[in-house]
Amino acid sequence: MARVYNFSAGPSMLPEQVLAKAANEMLEYGSSGQSVMEMSHRSSVYEEIIHGCEALLRQTLNIPDNYKVLFLQGGASSQFSMVPLNLLNGSGKADFVITGQWAKKAYAEAQKYGQCKAVASSADQTFSYIPKLDPNEFTKDADYFHICYNNTIYGTRFHDLPQTGSVPLVADMSSCILSEPVDVSKFGLIYAGAQKNMGPAGLTVVIVREDLIGRAREFTPTMFDYKIHAENGSMYNTPPTYAIYICKLVLEWIRDKMGGLEKMAEYNRKKAGLFYDYLDSSDLFKGTVVKEDRSLMNIPFVTGNTDLDKKFVAEATAAGFVNLKGHRSVGGMRASIYNAMPMEGVEKLVEFMKAFEAANK
Ligand SMILES: Cc1ncc(COP(=O)(O)O)c(C=O)c1O
1 MARVYNFSAG
11 PSMLPEQVLA
21 KAANEMLEYG
31 SSGQSVMEMS
41 HRSSVYEEII
51 HGCEALLRQT
61 LNIPDNYKVL
71 FLQGGASSQF
81 SMVPLNLLNG
91 SGKADFVITG
101 QWAKKAYAEA
111 QKYGQCKAVA
121 SSADQTFSYI
131 PKLDPNEFTK
141 DADYFHICYN
151 NTIYGTRFHD
161 LPQTGSVPLV
171 ADMSSCILSE
181 PVDVSKFGLI
191 YAGAQKNMGP
201 AGLTVVIVRE
211 DLIGRAREFT
221 PTMFDYKIHA
231 ENGSMYNTPP
241 TYAIYICKLV
251 LEWIRDKMGG
261 LEKMAEYNRK
271 KAGLFYDYLD
281 SSDLFKGTVV
291 KEDRSLMNIP
301 FVTGNTDLDK
311 KFVAEATAAG
321 FVNLKGHRSV
331 GGMRASIYNA
341 MPMEGVEKLV
351 EFMKAFEAAN
361 K
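Using the numbering used here, you'd call the opening residue of the sequence shown number 1 and step up by one each time.
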């Protein structure tokens with residue numbers, strides 16, 4: 001078996017130990033006589049899995065007791081509507097920072113439900129930086145303030161949080177959750193599609209402060225009401241059972257193999273540092289993002305010559321470094337190096353890039 005190094009923006013690599021454990025337990029989980037995929041979500045054996053997953057997530061992210069953890073479906077994209085449907089219920093106003101396609105989509109969707117303001121944008125430079133924020137521009141009575149914490153396509157991230165005062169801060173953390181510790185208490189709500197750092201596609205995690213639950217707009221579909229899911233322990237309908245099980249294994253891997261979230265973050269900083277150091281020293285490859293806003297997870301880069309970019313992607317793919325083609329709006333290449341990408345994958349890719357650079361002077 002030859003596993004590739006997969007630099008996909010998502011779904012992406014899962015830790016090999018997690019896949020091996022899941023494979024081992026595929027036919028029979030514990031002594032249940034069945035696969036996790038076959039279990040009733042209401043069985044006691046499955047309840048242990050979902051409760052275990054929530055407990056581990058709470059422990060890993062140090063989630064305060066006054067926050068609910070919801071295991072939903074519909075992807076992060078569903079949260080673009082679910083957040084306004086549940087939160088846009090006071091002044092009917094919300095603020096957005098436009099840092100890329102996903103932030104734009106969240107903004108566009110929320111506009112269907114209320115008065116939304118883009119307080120800053122980096123669209124003028126193809127989202128290659130995080131715009132400076134002027135709190136005077138913030139809507140004082142907004143129901144929430146939305147950011148995309150890590151911009152998967154453009155490779156930027158917030159380092160400093162907007163100072164929103166009593167306005168709840170909502171963050172799309174799809175491409176950075178579990179990559180480093182975050183102070184959950186600074187947020188009203190955090191959401192993330194699981195398919196980058198948490199597990200397979202199909203699971204969407206929402207971490208929401210309790211006082212923001214229970215005030216959905218009257219026309220909110222039942223399945224889009226946080227209260228329904230919170231009251232039913234994410235079991236109002238069938239949750240994505242297998243994805244939650246894998247998420248639990250991923251959390252165990254972070255705890256047992258990586259040494260916890262602080263160590264995970266250290267590892268991620270080292271991996272990204274190795275890559276950025278090479279980009280900064282290379283005469284051929286260049287990063288596309290301003291240095292101070294660089295993401296630890298997604299690294300877009302170019303040669304400046306589209307034919308050479310194509311040649312690089314083709315040769316890299318043949319050598320077992322796959323999914324390096326950049327998003328069509330940026331071009332060039334992008335290496336997504338989520339938690340499960342081993343250091344060795346980045347080291348080998350950098351070696352490969354050095355050799356390519358030498359051969360294409
Ligand atoms: C930051 C961010 N937000 C939202 C999404 C959309 O997620 P989903 O496909 O789970 O709806 C993505 C997907 O890549 C993303 O990277």
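All C-beta atoms in this analysis are idealised placements derived from N, C-alpha and C, irrespective of residue type, glycine included.
Asked	Found
First and last residue of the beta strand (DSSP E) that includes N298?	298-302
How many angstroms separate the CA atom of Y29 from the CA atom of M333?	40 Å
Of the residues Q73, Q79, L72, Y113, which one's Cα is nearest the Cα of G90?	Y113
How many Å lie between Y191 and I63 at the Cα?	13 Å
Go through its chain and collect everything with a Cβ distance to D293's Cβ below 6 Å, but skip five positions before and after it.	Y129, I130, T156
Measuring from the CB of D172, is there a heavy atom of ligand 1 at a distance below 7 Å?	yes
Would DSSP call G9 helix, strand or coil?	In the sequence as displayed, the identity of residue 9 is Ala instead of Gly. Residue state, collapsed to three classes: coil.
Can you list, in chain order, the residues of its chain with a C-beta nearer than 7 Å to that of Q17? Leave out the 5 residues immediately preceding and following it.	W253, K257
Considering only the beta carbon of each residue, do L324 and F7 sit closer than 8 Å?	yes
One question on the structure: do A243 and K68 come within less than 8 Å of each other, judged by their Cβ atoms?	no
Between which residues of its own chain and V45 is the CB-CB distance below 8 Å, once the five residues before and five after are set aside?	Y29, G30, S32, M39
Tell me the rounded alpha-carbon separation between I299 and N305.	18 Å
How would you label T303, buried or exposed, when you count the other beta carbons within 10 angstroms and need 16 or more for buried?	buried
Run the CB neighbour count on D183, radius 10 Å, all protein chains shown included, and call it buried at 16 or more, exposed below.	exposed
In three-state terms, what does DSSP make of L85?	helix
How should G10 be labelled, buried or exposed, when 16 other C-beta atoms within 10 angstroms of its C-beta is the threshold for buried?	buried
Give the C-beta separation of L169 and F145 to the nearest angstrom, bearing in mind that I take them to be a contact with Cβ-Cβ under 8 Å.	5 Å
If you count every other CB in all the chains shown that lies within 10 Å of the CB of G326, and 16 or more means buried, which is it?	buried
Comparing the C-beta of R255 with each C-beta of chain C, is any distance below 8 Å?	This model lacks chain C altogether, as it is built from one protein chain only.
Return helix, strand or coil for V36, following the three-state DSSP convention.	helix
Since L85 and R209 are thought to touch, with beta carbons under 8 Å apart, how far apart are those beta carbons, to the nearest angstrom?	Contact flag wrong, Cβ pair sits at about 17 Å.
Quick check: the Cα distance between M37 and T241, rounded to an integer number of angstroms?	7 Å
Helix, strand or coil: how does DSSP classify S121 here?	strand
What does a CB cutoff of less than 7 Å around C116 pick up in its chain, not counting 5 residues either side in sequence?	A94, F96, Y107, A110
In the DSSP output, which residue or residues are listed as bridge partners for F224?	Partner(s): none; F224 has no beta bridge.
Only counting the same chain, and skipping five residues up and downstream in sequence, which positions put a Cβ closer than 7 Å to that of A142?	S91, K93, A94, D95, V167
Can you tell me which of R255, I228, T126 puts its alpha carbon nearest to the alpha carbon of P181?	R255
Determine the DSSP secondary structure at I254, reduced to helix, strand or coil.	helix
Residues in the same chain with beta-carbon distance under 8 Å from L14, minus the five sequence neighbours each way, listed in chain order, please.	G199, P200, I246, V250, A340
Using DSSP's beta-bridge definition, name the partner residues of T204.	L72, G193
Cβ of C247 versus every heavy atom of ligand 1: is any distance shorter than 7 Å?	no
Quick check on this structure: which residue in E357, M82, G287, G273 has the alpha carbon closest to the alpha carbon of L212?	M82
Under 8 Å, do K196 and C53 count as touching if we go by C-beta distance?	no
Tell me whether A108 counts as near ligand 1, meaning its Cβ is closer than 7 Å to at least one heavy atom of that ligand.	no
Is the closest heavy atom of ligand 1 to the C-beta of C116 under 7 Å?	no
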